[in-house]
Amino acid sequence: MLTLGYIVTGFFAAFLFYLVLRKIVPLLINYFDRANSNDRYQLPIEYERPRYYTVNRSGDVNTAGKWPGWDGWYFLTLLGPKDSAQLVRGSIMTGMYGIEDIDNYQKLMLNLSTDSVVECFLMWPQPEITLYSHEYLPKYPYLKIQTDRLDVAVTNRGEITGKWPEYCFELTNPQDEISLSLRYRAQDIIWWADLPRLFTYFTSFGKMEGELKKKGKVLQDINSMGSFEHGFAKKCFNYDPLFIPVRMWKRLFPFNSVHYHYDLLFTEEGLHGGFMRTNAFGIKVRNFGGVYLPGGEYVKIRKVKSITYEKPKRMEIDCMANPVTFYEQWQVKAITEKGILSYTARQIHPPAHIARHMIFCSFLFEGSLGGRHLCGKGYGEYVRM
(Lines of atoms letter the chains of each structure in order from A and count residues from 1; the text may use other names and numbers.)
(Lines give C-alpha, C1' and ligand atoms only; values in the text may rest on other atoms or scores of the structure.)
Protein backbone atom coordinates (compact mmCIF):
# COMPACT_ATOMS: atom_id res chain seq x y z
CA MET A 1 0.00 0.00 0.00
CA LEU A 2 2.86 2.32 0.78
CA THR A 3 4.37 1.74 -2.64
CA LEU A 4 1.03 2.31 -4.33
CA GLY A 5 0.58 5.49 -2.32
CA TYR A 6 3.93 6.81 -3.48
CA ILE A 7 3.05 6.02 -7.10
CA VAL A 8 -0.31 7.79 -6.84
CA THR A 9 1.31 10.76 -5.12
CA GLY A 10 4.01 10.89 -7.79
CA PHE A 11 1.49 10.88 -10.63
CA PHE A 12 -0.57 13.56 -8.88
CA ALA A 13 2.51 15.75 -8.36
CA ALA A 14 3.55 15.29 -11.98
CA PHE A 15 0.05 16.24 -13.13
CA LEU A 16 0.07 19.40 -11.00
CA PHE A 17 3.52 20.29 -12.33
CA TYR A 18 2.23 19.87 -15.89
CA LEU A 19 -0.76 22.14 -15.19
CA VAL A 20 1.60 24.78 -13.80
CA LEU A 21 3.82 24.49 -16.89
CA ARG A 22 0.82 25.03 -19.18
CA LYS A 23 0.28 28.40 -17.53
CA ILE A 24 3.84 29.49 -16.84
CA VAL A 25 5.58 28.59 -20.12
CA PRO A 26 3.38 30.85 -22.34
CA LEU A 27 3.79 33.68 -19.81
CA LEU A 28 7.58 33.31 -19.81
CA ILE A 29 7.71 33.19 -23.62
CA ASN A 30 5.56 36.31 -23.92
CA TYR A 31 7.65 38.12 -21.29
CA PHE A 32 10.97 37.57 -23.07
CA ASP A 33 9.61 37.69 -26.63
CA ARG A 34 10.32 41.00 -28.41
CA ALA A 35 8.16 40.17 -31.44
CA ASN A 36 5.28 42.44 -30.44
CA SER A 37 7.54 45.47 -29.94
CA ASN A 38 9.71 45.13 -33.07
CA ASP A 39 9.34 47.54 -35.98
CA ARG A 40 7.01 46.22 -38.69
CA TYR A 41 8.31 48.51 -41.47
CA GLN A 42 12.11 48.48 -41.03
CA LEU A 43 14.49 45.56 -40.54
CA PRO A 44 17.85 46.07 -38.80
CA ILE A 45 20.75 44.35 -40.56
CA GLU A 46 21.36 41.95 -37.67
CA TYR A 47 18.00 40.30 -38.43
CA GLU A 48 18.79 39.49 -42.05
CA ARG A 49 22.43 38.43 -41.93
CA PRO A 50 23.60 35.04 -40.54
CA ARG A 51 23.39 34.63 -36.79
CA TYR A 52 24.74 31.12 -36.10
CA TYR A 53 28.13 30.02 -37.46
CA THR A 54 31.71 29.40 -36.33
CA VAL A 55 34.95 30.96 -37.54
CA ASN A 56 38.51 29.63 -37.68
CA ARG A 57 41.63 31.30 -36.28
CA SER A 58 41.97 33.54 -39.31
CA GLY A 59 38.43 34.84 -38.84
CA ASP A 60 36.95 33.09 -41.87
CA VAL A 61 33.73 31.10 -41.65
CA ASN A 62 34.51 27.50 -40.71
CA THR A 63 32.10 25.45 -42.81
CA ALA A 64 33.81 22.23 -41.73
CA GLY A 65 33.09 22.77 -38.01
CA LYS A 66 30.04 22.25 -35.85
CA TRP A 67 27.80 25.31 -35.62
CA PRO A 68 25.78 26.30 -32.52
CA GLY A 69 22.52 26.72 -34.44
CA TRP A 70 20.92 27.20 -37.84
CA ASP A 71 19.79 30.02 -40.11
CA GLY A 72 17.07 29.64 -42.72
CA TRP A 73 16.15 32.10 -45.47
CA TYR A 74 12.85 31.32 -47.23
CA PHE A 75 11.03 33.07 -50.07
CA LEU A 76 7.67 32.66 -51.74
CA THR A 77 6.22 34.10 -54.95
CA LEU A 78 2.77 33.59 -56.45
CA LEU A 79 2.20 32.27 -59.96
CA GLY A 80 -0.64 31.62 -62.35
CA PRO A 81 -4.15 33.03 -62.77
CA LYS A 82 -6.58 33.92 -60.02
CA ASP A 83 -8.15 30.45 -59.87
CA SER A 84 -4.80 28.67 -59.52
CA ALA A 85 -2.91 28.08 -56.29
CA GLN A 86 0.44 27.85 -58.06
CA LEU A 87 3.43 29.36 -56.32
CA VAL A 88 7.15 28.84 -55.92
CA ARG A 89 8.71 28.29 -52.51
CA GLY A 90 12.49 28.24 -52.12
CA SER A 91 14.99 28.30 -49.29
CA ILE A 92 18.55 27.86 -48.11
CA MET A 93 19.08 26.60 -44.55
CA THR A 94 22.48 26.25 -42.85
CA GLY A 95 21.59 23.13 -40.88
CA MET A 96 18.71 20.94 -39.77
CA TYR A 97 16.09 21.30 -37.05
CA GLY A 98 17.33 18.19 -35.24
CA ILE A 99 14.08 16.17 -35.19
CA GLU A 100 13.74 13.23 -37.54
CA ASP A 101 9.99 13.69 -37.92
CA ILE A 102 10.52 17.22 -39.31
CA ASP A 103 13.89 16.71 -41.00
CA ASN A 104 14.22 13.99 -43.62
CA TYR A 105 17.19 11.89 -42.52
CA GLN A 106 16.65 9.53 -45.46
CA LYS A 107 18.02 12.24 -47.77
CA LEU A 108 21.32 12.56 -45.91
CA MET A 109 24.28 11.48 -47.98
CA LEU A 110 26.58 8.76 -46.68
CA ASN A 111 28.78 9.89 -43.75
CA LEU A 112 26.98 13.24 -43.44
CA SER A 113 25.78 14.29 -40.00
CA THR A 114 22.90 16.66 -39.24
CA ASP A 115 25.48 19.24 -38.13
CA SER A 116 27.48 19.28 -41.38
CA VAL A 117 24.86 19.99 -44.04
CA VAL A 118 23.21 22.90 -45.81
CA GLU A 119 19.62 22.39 -47.00
CA CYS A 120 18.43 23.61 -50.41
CA PHE A 121 14.74 23.51 -51.25
CA LEU A 122 12.65 24.54 -54.26
CA MET A 123 8.94 23.73 -54.55
CA TRP A 124 6.66 24.27 -57.55
CA PRO A 125 3.07 22.91 -57.32
CA GLN A 126 1.56 21.49 -60.53
CA PRO A 127 -2.04 20.33 -61.24
CA GLU A 128 -1.18 16.63 -60.93
CA ILE A 129 2.01 16.68 -58.86
CA THR A 130 4.04 19.11 -56.79
CA LEU A 131 7.58 19.25 -58.10
CA TYR A 132 10.22 19.91 -55.50
CA SER A 133 13.94 19.61 -55.04
CA HIS A 134 15.03 18.86 -51.47
CA GLU A 135 18.75 18.32 -50.91
CA TYR A 136 21.15 18.15 -47.97
CA LEU A 137 24.64 19.00 -49.21
CA PRO A 138 27.92 19.21 -47.25
CA LYS A 139 28.56 22.70 -45.89
CA TYR A 140 32.13 22.21 -46.99
CA PRO A 141 32.79 22.86 -49.84
CA TYR A 142 29.29 23.90 -51.08
CA LEU A 143 28.34 26.71 -48.68
CA LYS A 144 29.73 30.23 -49.16
CA ILE A 145 28.57 32.71 -46.56
CA GLN A 146 29.34 36.29 -45.52
CA THR A 147 28.93 37.35 -41.89
CA ASP A 148 28.69 41.14 -42.19
CA ARG A 149 25.79 41.12 -44.68
CA LEU A 150 23.24 38.82 -46.29
CA ASP A 151 25.13 36.91 -48.96
CA VAL A 152 24.56 33.16 -48.73
CA ALA A 153 25.40 30.92 -51.69
CA VAL A 154 25.40 27.18 -52.37
CA THR A 155 27.51 26.07 -55.33
CA ASN A 156 25.38 25.15 -58.37
CA ARG A 157 22.17 25.61 -56.35
CA GLY A 158 21.63 29.30 -55.71
CA GLU A 159 22.26 32.47 -53.77
CA ILE A 160 20.32 34.86 -51.53
CA THR A 161 21.61 38.42 -51.21
CA GLY A 162 20.44 41.92 -50.33
CA LYS A 163 19.76 44.53 -47.72
CA TRP A 164 16.43 45.83 -46.50
CA PRO A 165 14.23 46.46 -48.38
CA GLU A 166 15.73 45.02 -51.61
CA TYR A 167 16.84 41.42 -52.10
CA CYS A 168 17.74 39.00 -54.89
CA PHE A 169 17.03 35.27 -54.97
CA GLU A 170 18.57 32.77 -57.37
CA LEU A 171 17.74 29.09 -56.99
CA THR A 172 18.12 26.07 -59.26
CA ASN A 173 16.68 22.57 -59.34
CA PRO A 174 19.33 20.68 -61.38
CA GLN A 175 17.31 17.48 -61.61
CA ASP A 176 14.36 19.11 -63.40
CA GLU A 177 16.53 21.86 -64.95
CA ILE A 178 14.35 24.55 -63.39
CA SER A 179 15.81 27.89 -62.34
CA LEU A 180 14.24 30.85 -60.57
CA SER A 181 15.52 34.42 -60.57
CA LEU A 182 13.73 37.01 -58.42
CA ARG A 183 14.07 40.61 -57.33
CA TYR A 184 12.14 41.49 -54.20
CA ARG A 185 11.22 44.75 -52.51
CA ALA A 186 9.86 44.33 -48.98
CA GLN A 187 7.29 46.66 -47.49
CA ASP A 188 6.14 45.28 -44.12
CA ILE A 189 6.78 42.52 -41.57
CA ILE A 190 4.99 40.10 -39.27
CA TRP A 191 7.13 38.89 -36.36
CA TRP A 192 6.46 35.34 -35.17
CA ALA A 193 9.11 35.21 -32.44
CA ASP A 194 12.15 37.11 -31.22
CA LEU A 195 13.60 35.35 -28.20
CA PRO A 196 17.19 36.64 -27.89
CA ARG A 197 19.87 33.97 -28.40
CA LEU A 198 17.19 31.25 -28.69
CA PHE A 199 14.82 31.67 -31.62
CA THR A 200 13.83 34.46 -34.02
CA TYR A 201 11.51 34.26 -36.98
CA PHE A 202 9.74 36.84 -39.16
CA THR A 203 7.95 37.08 -42.51
CA SER A 204 8.22 40.16 -44.69
CA PHE A 205 5.82 40.88 -47.54
CA GLY A 206 6.40 42.81 -50.73
CA LYS A 207 6.63 42.82 -54.51
CA MET A 208 8.37 40.10 -56.54
CA GLU A 209 9.68 40.43 -60.10
CA GLY A 210 11.61 37.90 -62.10
CA GLU A 211 11.28 34.79 -64.20
CA LEU A 212 10.96 31.03 -63.96
CA LYS A 213 12.93 29.00 -66.52
CA LYS A 214 13.16 25.39 -67.61
CA LYS A 215 16.20 24.29 -69.61
CA GLY A 216 17.04 27.96 -70.14
CA LYS A 217 13.63 28.79 -71.65
CA VAL A 218 11.38 31.27 -69.86
CA LEU A 219 8.27 29.50 -68.58
CA GLN A 220 6.75 32.45 -66.81
CA ASP A 221 7.46 36.09 -66.09
CA ILE A 222 6.75 36.94 -62.47
CA ASN A 223 5.21 40.17 -61.24
CA SER A 224 3.27 39.51 -58.05
CA MET A 225 3.18 39.71 -54.27
CA GLY A 226 5.50 37.47 -52.33
CA SER A 227 7.25 37.00 -49.02
CA PHE A 228 10.74 36.65 -47.59
CA GLU A 229 11.50 35.10 -44.21
CA HIS A 230 14.49 34.61 -41.96
CA GLY A 231 14.47 32.22 -39.03
CA PHE A 232 17.40 31.32 -36.78
CA ALA A 233 17.64 29.20 -33.66
CA LYS A 234 20.08 27.84 -31.12
CA LYS A 235 20.75 24.11 -31.51
CA CYS A 236 23.47 22.51 -29.41
CA PHE A 237 22.38 18.93 -30.13
CA ASN A 238 19.76 16.84 -31.92
CA TYR A 239 16.48 16.54 -30.07
CA ASP A 240 15.65 12.99 -31.15
CA PRO A 241 16.86 11.38 -27.87
CA LEU A 242 14.41 13.59 -25.96
CA PHE A 243 11.57 12.15 -28.04
CA ILE A 244 12.45 8.51 -27.35
CA PRO A 245 10.28 8.26 -24.19
CA VAL A 246 7.53 10.17 -25.99
CA ARG A 247 7.51 7.63 -28.83
CA MET A 248 7.38 4.80 -26.29
CA TRP A 249 4.37 6.34 -24.57
CA LYS A 250 2.67 6.86 -27.93
CA ARG A 251 2.81 3.14 -28.62
CA LEU A 252 0.81 2.49 -25.45
CA PHE A 253 -1.35 5.62 -25.41
CA PRO A 254 -1.55 7.31 -28.84
CA PHE A 255 -1.57 11.11 -28.62
CA ASN A 256 -0.28 14.15 -30.52
CA SER A 257 2.75 15.73 -28.87
CA VAL A 258 3.19 18.59 -31.39
CA HIS A 259 0.65 20.32 -33.64
CA TYR A 260 1.89 23.14 -35.87
CA HIS A 261 -0.12 25.01 -38.51
CA TYR A 262 1.13 28.04 -40.47
CA ASP A 263 -0.90 29.83 -43.17
CA LEU A 264 0.11 32.78 -45.36
CA LEU A 265 -2.71 34.60 -47.21
CA PHE A 266 -2.69 36.82 -50.31
CA THR A 267 -5.53 38.50 -52.22
CA GLU A 268 -5.47 40.28 -55.58
CA GLU A 269 -6.61 43.48 -53.86
CA GLY A 270 -3.39 43.52 -51.81
CA LEU A 271 -4.35 41.98 -48.47
CA HIS A 272 -1.54 39.83 -47.09
CA GLY A 273 -0.63 38.20 -43.80
CA GLY A 274 -1.27 34.99 -41.94
CA PHE A 275 -1.08 33.17 -38.63
CA MET A 276 1.02 30.66 -36.71
CA ARG A 277 -0.46 28.19 -34.25
CA THR A 278 1.79 25.78 -32.34
CA ASN A 279 0.94 23.48 -29.45
CA ALA A 280 3.62 21.29 -27.87
CA PHE A 281 2.55 18.72 -25.28
CA GLY A 282 -0.63 20.66 -24.67
CA ILE A 283 1.20 23.95 -24.12
CA LYS A 284 0.28 26.88 -26.39
CA VAL A 285 3.64 28.03 -27.72
CA ARG A 286 2.37 30.32 -30.53
CA ASN A 287 -1.15 31.40 -31.45
CA PHE A 288 -1.40 34.74 -33.23
CA GLY A 289 -0.73 36.55 -36.50
CA GLY A 290 -1.85 39.54 -38.50
CA VAL A 291 -2.94 40.85 -41.88
CA TYR A 292 -2.20 44.04 -43.79
CA LEU A 293 -5.27 45.48 -45.51
CA PRO A 294 -5.04 46.77 -49.11
CA GLY A 295 -4.52 50.33 -47.87
CA GLY A 296 -1.63 49.28 -45.61
CA GLU A 297 -3.45 49.17 -42.27
CA TYR A 298 -2.26 46.38 -39.97
CA VAL A 299 -4.84 44.20 -38.24
CA LYS A 300 -3.57 42.00 -35.44
CA ILE A 301 -4.88 38.44 -35.12
CA ARG A 302 -5.23 38.00 -31.37
CA LYS A 303 -5.69 34.24 -31.53
CA VAL A 304 -6.88 31.46 -33.79
CA LYS A 305 -9.99 30.16 -32.08
CA SER A 306 -10.42 26.99 -34.14
CA ILE A 307 -9.14 25.03 -37.14
CA THR A 308 -11.55 22.40 -38.42
CA TYR A 309 -9.96 19.83 -40.71
CA GLU A 310 -12.04 18.14 -43.39
CA LYS A 311 -11.57 15.53 -46.13
CA PRO A 312 -8.67 13.54 -44.65
CA LYS A 313 -6.25 11.80 -46.97
CA ARG A 314 -3.48 9.30 -46.20
CA MET A 315 -0.05 10.25 -47.54
CA GLU A 316 3.15 8.28 -47.91
CA ILE A 317 6.62 9.77 -48.14
CA ASP A 318 8.70 6.63 -48.69
CA CYS A 319 8.84 2.98 -47.75
CA MET A 320 10.67 3.77 -44.51
CA ALA A 321 7.87 5.82 -42.94
CA ASN A 322 4.29 5.04 -42.02
CA PRO A 323 1.57 6.96 -43.90
CA VAL A 324 0.32 10.15 -42.27
CA THR A 325 -2.97 11.99 -42.56
CA PHE A 326 -3.34 15.37 -44.19
CA TYR A 327 -6.51 17.24 -45.17
CA GLU A 328 -7.75 18.56 -48.47
CA GLN A 329 -9.77 21.30 -46.76
CA TRP A 330 -9.76 23.20 -43.48
CA GLN A 331 -11.79 25.99 -41.91
CA VAL A 332 -10.13 28.70 -39.83
CA LYS A 333 -11.80 31.02 -37.35
CA ALA A 334 -9.70 33.73 -35.70
CA ILE A 335 -10.30 36.75 -33.47
CA THR A 336 -8.80 39.99 -34.74
CA GLU A 337 -8.85 43.68 -33.82
CA LYS A 338 -11.50 44.24 -36.50
CA GLY A 339 -13.82 41.33 -35.84
CA ILE A 340 -13.79 37.71 -36.87
CA LEU A 341 -11.52 36.37 -39.60
CA SER A 342 -12.95 33.17 -41.04
CA TYR A 343 -12.11 31.31 -44.21
CA THR A 344 -12.19 27.93 -45.87
CA ALA A 345 -8.94 26.74 -47.49
CA ARG A 346 -8.98 24.17 -50.30
CA GLN A 347 -6.01 22.33 -51.69
CA ILE A 348 -5.84 22.58 -55.47
CA HIS A 349 -2.46 20.94 -56.04
CA PRO A 350 -1.01 17.88 -54.27
CA PRO A 351 0.95 18.85 -51.15
CA ALA A 352 4.67 18.30 -50.76
CA HIS A 353 5.43 15.68 -48.10
CA ILE A 354 8.83 17.00 -46.99
CA ALA A 355 9.56 14.67 -44.07
CA ARG A 356 7.70 12.09 -42.02
CA HIS A 357 5.41 14.70 -40.45
CA MET A 358 6.29 17.92 -42.30
CA ILE A 359 3.91 18.93 -45.09
CA PHE A 360 3.97 22.03 -47.33
CA CYS A 361 0.97 22.97 -49.48
CA SER A 362 -0.63 25.68 -51.59
CA PHE A 363 -4.33 26.46 -51.48
CA LEU A 364 -7.17 28.76 -52.47
CA PHE A 365 -9.27 30.34 -49.75
CA GLU A 366 -12.55 32.21 -49.39
CA GLY A 367 -14.01 33.87 -46.33
CA SER A 368 -14.43 37.21 -44.58
CA LEU A 369 -12.78 39.63 -42.19
CA GLY A 370 -15.14 41.71 -40.10
CA GLY A 371 -17.83 41.31 -42.74
CA ARG A 372 -15.50 42.10 -45.67
CA HIS A 373 -15.42 39.32 -48.29
CA LEU A 374 -12.02 37.75 -48.95
CA CYS A 375 -10.74 35.31 -51.54
CA GLY A 376 -7.24 34.55 -52.69
CA LYS A 377 -4.25 32.23 -52.58
CA GLY A 378 -2.31 30.80 -49.71
CA TYR A 379 0.66 28.77 -48.59
CA GLY A 380 0.59 26.43 -45.61
CA GLU A 381 2.84 24.29 -43.42
CA TYR A 382 1.50 21.50 -41.25
CA VAL A 383 2.94 19.15 -38.63
CA ARG A 384 1.05 16.78 -36.36
CA MET A 385 3.11 14.16 -34.58
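Numbering of the sequence shown is given in the numbering used here, commencing with residue 18 and proceeding in unit increments. Yeah, the Cβ is synthetic: ideal placement off N, Cα and C, and Gly gets one too. In this text the structure is predicted, and so the values were computed from the model without any measurement.
**Asked** Touch check for the stretch 146-163 and the stretch 76-90: three-plus C-beta pairs under 8 Å?
**Response** Yes, since at least three Cβ pairs between the stretch 146-163 and the stretch 76-90 fall closer than 8 Å, the two stretches touch.
**Any 3 or more C-beta pairs closer than 8 Å across the stretch 213-224 and the stretch 113-133** = The stretch 213-224 and the stretch 113-133 do not touch, with fewer than 3 CB-CB distances between them shorter than 8 Å.
**Item:** Residue burial classification, Tyr48 (beta-carbon count within 10 angstroms, cutoff 16)
**Value:** Within the sequence shown, numbered from 1, the residue matching residue 48 stands at position 31. When all chains shown are included, Tyr48 counts as exposed.
**Item:** Simplified DSSP assignment, three categories, for Arg264
**Value:** The sequence position of residue 264 within the sequence shown is 247, counting from 1. In this structure, Arg264 counts as helix in the three-state DSSP scheme.
**Asked** Going by the beta-carbon positions, is the gap between Gly227 and Arg202 smaller than 8 Å?
**Response** As a position in the sequence shown, residue 227 is number 210, starting the count at 1. As a position in the sequence shown, residue 202 is number 185, starting the count at 1. Not in contact: Gly227 and Arg202 (Cβ atoms no closer than 8 Å).
**Whole-angstrom distance between Glu286 and His247, CA atom to CA atom** = The residue labelled residue 247 in the question sits at position 230 within the sequence shown. The residue labelled residue 286 in the question sits at position 269 within the sequence shown. Computed Cα separation, rounded: 26 Å.
**Request:** State the start and end residues of the unbroken alpha helix (DSSP H) segment that holds Pro368.
**Result:** Walking along the sequence shown from the start, residue 368 turns up at place 351. That residue, Pro368, is in no alpha helix (DSSP H); it is neither H nor E in DSSP.
**CA-to-CA distance, Phe343 to Ser244, given in whole angstroms** = What you label residue 244 is simply residue 227 of the sequence shown in a count that begins at 1. What you label residue 343 is simply residue 326 of the sequence shown in a count that begins at 1. So the two alpha carbons sit approximately 25 Å from each other.
**Prompt:** For Gly175, which residues of its own chain have a beta-carbon under 6 Å away from its beta-carbon, when the five flanking residues on both sides are left out?
**Reply:** Indexing the sequence shown from 1 puts residue 175 at position 158. Spatial neighbours of Gly175 in its own chain (CB-CB distance under 6 Å, excluding positions within 5 residues in sequence) are listed in chain order as Glu187, Leu188, Thr189.
**Asked** Can you name, in chain order, every residue of its own chain whose Cβ lies under 6 Å from the Cβ of Asn121, other than the five neighbours on each side?
**Response** To locate residue 121, count along the sequence shown from 1; it is residue 104. Counting only Cβ-Cβ distances below 6 Å, and skipping sequence neighbours, we find Ala372.
**Prompt:** Is there contact between the stretch 388-401 and the stretch 107-114, where contact requires at least three CB pairs shorter than 8 Å?
**Reply:** Using a C-beta cut-off of 8 Å, the stretch 388-401 makes no contact with the stretch 107-114, since fewer than three inter-stretch Cβ pairs fall below that distance.
**Item:** DSSP three-state assignment for Ala351, whether helix, strand or coil
**Value:** By 1-based counting over the sequence shown, the position of residue 351 is 334. Correct three-state label for Ala351: strand.
**Prompt:** When burial is assigned at 16 or more other CB atoms within 10 Å of the CB, is Phe380 buried or exposed?
**Reply:** Position 363 of the sequence shown, counted from the first residue, corresponds to residue 380. It is buried - the Cβ of Phe380 has at least 16 other Cβ atoms within 10 Å.
**Three-state class that DSSP yields for Gln123 in the structure shown** = Mapped onto the sequence shown, residue 123 falls at position 106. DSSP places Gln123 in helix when its eight states are reduced to three.
**Message:** If you measure between the beta carbons of Lys234 and Ile195, is that distance less than 8 Å?
**Reply:** Mapped onto the sequence shown, residue 234 falls at position 217. Mapped onto the sequence shown, residue 195 falls at position 178. Cβ atoms of Lys234 and Ile195: not closer than 8 Å.
**Distance, Leu229 Cα to Leu96 Cα** = The sequence position of residue 96 within the sequence shown is 79, counting from 1. The sequence position of residue 229 within the sequence shown is 212, counting from 1. Going by the C-alpha atoms only, they are around 10 Å apart.
**Prompt:** In three-state DSSP terms, what is Leu310?
**Reply:** Taking the first residue of the sequence shown as 1, we reach residue 310 at position 293. Leu310: coil per DSSP, three-state reduction.
**Item:** Entirely enclosed beta strand (DSSP E) segments - the stretch 270-298, minimum 3 residues
**Value:** DSSP runs (the beta strand (DSSP E)) wholly in the stretch 270-298: 275-283, 289-297.
**Asked** On the three-state DSSP scale, how would you describe Asp50?
**Response** Counting from 1 along the sequence shown, the entry for residue 50 is found at position 33. Asp50: coil per DSSP, three-state reduction.
**Asked** Is Glu246 helix, strand or coil when you go by DSSP?
**Response** One-based indexing of the sequence shown puts residue 246 at position 229. Strand.
**Prompt:** Within this structure, are the beta carbons of Ala369 and Leu358 separated by less than 8 Å?
**Reply:** Sequence index remark: in the sequence shown, residue 369 carries index 352 (1-based). Sequence index remark: in the sequence shown, residue 358 carries index 341 (1-based). Their beta carbons are not under 8 Å apart, which means Ala369 does not touch Leu358 by this criterion.
**Message:** Helix, strand or coil for Glu194? Go by DSSP, reduced to three states.
**Reply:** Your numbering for residue 194 matches position 177 in the sequence shown. It is coil, neither helix nor strand.
**Asked** Does DSSP put Pro258 in a helix, in a strand, or in coil?
**Response** Position 241 of the sequence shown, counted from the first residue, corresponds to residue 258. Of the three classes helix, strand and coil, the one that applies to Pro258 here is helix, per DSSP.
**Item:** Three-state secondary structure (DSSP) of Lys317
**Value:** Looking up residue 317 in the sequence shown gives position 300. Three-state DSSP puts Lys317 in a strand.
**Asked** Are the beta-carbon atoms belonging to Tyr399 and Phe382 less than 8 Å from one another?
**Response** Counted from its first residue, the sequence shown places residue 399 at position 382. Counted from its first residue, the sequence shown places residue 382 at position 365. Result no, Cβ atoms of Tyr399 and Phe382 do not sit closer than 8 Å.
**Request:** Would you mind giving the Cβ-Cβ distance between Asp211 and Phe222, rounded to the nearest angstrom? I have them listed as a contact below 8 Å.
**Result:** The residue given as residue 211 occupies position 194 in the sequence shown. The residue given as residue 222 occupies position 205 in the sequence shown. Contact flag wrong, Cβ pair sits at about 18 Å.
**Message:** Checking the sheet assignment: what are the DSSP bridge partners for Tyr357?
**Reply:** For the purposes of this step, residue 357 is identified with residue 340 of the sequence shown, where counting begins at 1. Per the sequence shown, the amino acid found at residue 357 is Ile instead of Tyr. Partner residues in the beta bridge of Ile357, as assigned by DSSP, are Ile352.
**Message:** Looking at Phe292: is its Cβ nearer than 8 Å to the Cβ of Ile318?
**Reply:** Looking up residue 292 in the sequence shown gives position 275. Looking up residue 318 in the sequence shown gives position 301. A contact, by the Cβ cut-off of 8 Å.
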